[in-house]
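> Position 51, counted from 1, in the sequence shown is what this note's numbering calls 706; the numbers after and before it change by one each time, with no gaps.
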Amino acid sequence: MVDGLDNVAIVIEDLPEDGSLDLLGLYSGIALTDRGQYGFGELPDMISIYREPLLAIVDTEDELRTQVRITLVHEIAHFYGIDDEELHSLGWG
């Protein structure tokens, strides 16, 4: 699942900046499809996974694992330039 992820940090945070429980994850960076020259000196792109919102929507550890996987796939797709509309059509929204 992470083959080809270059210069991307994946971090776990308690909550998004606004403190809401609505956001499960966030990709921050420039999608591969939008990049020009990319080389040394750039800070890594970042995928944040938000612990408290995920815990709020699951009841079991197995459900948590499944939802974390779905969230990671969704955010990694943004790294590859796939937008929310296409993700929803593919069943990963």
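Think of the CB as a built atom: it goes at the ideal place given N, C-alpha and C, for glycine as much as any other residue.
Please report the Cβ distance between R708 and L679, rounded to the nearest whole angstrom; I am assuming they are in contact, meaning their Cβ atoms lie under 8 Å.
As written in the sequence, residue 708 is Pro, which differs from the Arg given in the question. P708 to L679, Cβ: 5 Å. Contact.
> Look up D669 in the DSSP assignment and say whether it is helix, strand or coil.
Coil, per DSSP.
> So I685 and E730 are supposed to be a Cβ contact under 8 Å. How far apart are they, rounded?
With a Cβ gap of about 14 Å, I685 and E730 do not count as contacting.
> Pull up the CB-CB distance for I704 and V723, whole angstroms please, since I reckon it's below 8 Å.
Yes, I704 and V723 are in contact; Cβ-Cβ is about 7 Å, under 8 Å.
> Helix, strand or coil for I704 per DSSP?
In the structure shown, I704 sits in a strand (DSSP, three-state: E or B).
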